[in-house]
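Below is one structure; the comments refer to it alone.
Numbering (our numbering), first residue to last: 39 to 267.
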């Protein structure tokens, strides 16, 4: 990536990197690295780290700023703030897609606007700041986004992510979704999905698509756990 692009991106996010290689890696997608025959690093490892840093900052912020909220609601709100939809919005607000190094195939198929790519890259930028300057600087960057997102604007919509957040607290628990059936003509099918925890059914949902049915199954599971959805 040309340094002029790095400098422009730094101005947009309000942070100047001491180690420029960190932000260059954060903005490099695996498709571009593959075209370079693996000679340059890409952002998947940074994404892994950034996900954890983001989760910690968000949890701390919500805990301190919403003392009236029970654990279930805090979990729900955190899930909505760190889901792909929210991270995509945050990434768009800093024009992140413009500065990414992508392979030609990704560019030609709209990779610069793809929510999954931008959400992952946003987490990578968080990790890059964390490694360059520490937790407090990363926190300042993240709070610039999540503190402006109101509780009302982030009511739960991704039930699967919220459920996963809860289950992950207990190591060794296995959460799986299974097709339980379908009905109706091909142009108007209804799908039935069961969500199982360690082989036990904890929710059932129906929908016009498998994804929608999975979300409804997760929603029922959250309700049974006492989470306000």
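Glycine is no exception: its CB is placed at the ideal position from the N, C-alpha and C atoms.
Three-way DSSP call (helix, strand, coil) for residue i in this model
i           : result
residue 140 : coil
residue 238 : strand
residue 193 : Note that residue 193 scores a pLDDT of 49, beneath 50, so its modelled location is shaky; the value from the coordinates is reported in the next line. Coil at residue 193, not helix or strand.
residue 74  : coil
residue 188 : Because residue 188 carries a pLDDT of 47, less than 50, the predicted location of this residue cannot be relied on, and the following value inherits that uncertainty. In the structure shown, residue 188 sits in coil (DSSP, three-state: anything other than H, G, I, E or B).
residue 229 : strand
residue 66  : strand
residue 43  : helix
residue 216 : strand
residue 247 : coil
For residue i, the nearest candidate out of the options (CA to CA)
i           : options               : result
residue 25  : 205, 222, 210 and 209 : In the structure displayed, the chain extends from 39 to 267; residue 25 sits before or after that span and is not available.
residue 259 : 248, 247 and 238      : 238
residue 95  : 168, 250 and 107      : 168
residue 211 : 201, 146, 123 and 230 : 201
Outcome for residue i when other beta-carbon atoms lying within 10 angstroms are tallied against a minimum of 16
i           : result
residue 62  : buried
residue 106 : exposed
residue 350 : What the structure shows of the chain is the stretch from 39 to 267, and residue 350 is not part of that stretch, so it cannot be assessed.
residue 229 : buried
residue 57  : exposed
residue 158 : buried
residue 170 : buried
residue 190 : Summary for residue 190: the model assigns pLDDT 44, below 50, so the residue's position carries little reliability; its value from the coordinates is reported in the next sentence. Label assigned to residue 190: exposed.
residue 66  : buried
Can you list, in chain order, the stretches of the alpha helix (DSSP H) that have 4 or more residues and sit fully within the segment 148-184? Listed in chain order, the alpha helix (DSSP H) elements of length 4 or more contained wholly in the segment 148-184 are 153-171 and 173-184.
Report the residue ranges of all alpha helix (DSSP H) runs contained in full by the segment 85-125; include only those spanning at least 4 residues, in chain order. Complete alpha helix (DSSP H) runs here, min 4: 109-120.
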